[in-house]
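Asks:
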Amino acid sequence: MEGLSEIINLLKGIESSIESLNKRTEHIEKRLDRLEKVDSIEHRVTSNQIDITDIKDALERMEEAQSTKIENMLKEILSKAEMKNNMEFSTIHKRLDSHLLKLGRVEEEILMVQQEK
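Per the working numbering, the sequence shown runs over residues 16 to 132.
#1: Indicate the three-state DSSP secondary structure (helix, strand or coil) for K132 in the structure shown.
#2: So what does DSSP say about M16, is it helix, strand or coil?
#3: Run through the segment 47-93 for me and flag every whole beta strand (DSSP E) of 3 or more residues, listed as ranges in chain order.
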């Protein structure tokens, strides 16, 4: 009888050990599930950060391209305006020169007329 009670006690001990192992495995499985979720979230965050970085780089490249286009357009406009102004100034200088020549001729004629008197 004593042998039977020892076997029963051993079986009860084994049963309680198996139950505690089952509880531990369930707990470990829950923790693994949570870790998988965290890994998934971290992966998504990392992927999104990469996407955001790529978008930021693309926007910066677009901004640089637009800046250079605008800069080139402004340089072109300024050079055209400068050429136009230079042409207008040269025309004004020519006209002033011709008027000065006319004034010089008139002064000469006035002096000649005064000398004749």
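Every residue, glycine too, gets a C-beta built ideally from N, C-alpha and C.
Replies: Answer, in terms of the structure:
#1: If you number the sequence shown from 1, residue 132 lands on position 117. Three-state DSSP puts K132 in coil, outside helix and strand.
#2: The residue labelled residue 16 in the question sits at position 1 within the sequence shown. It is coil, neither helix nor strand.
#3: none
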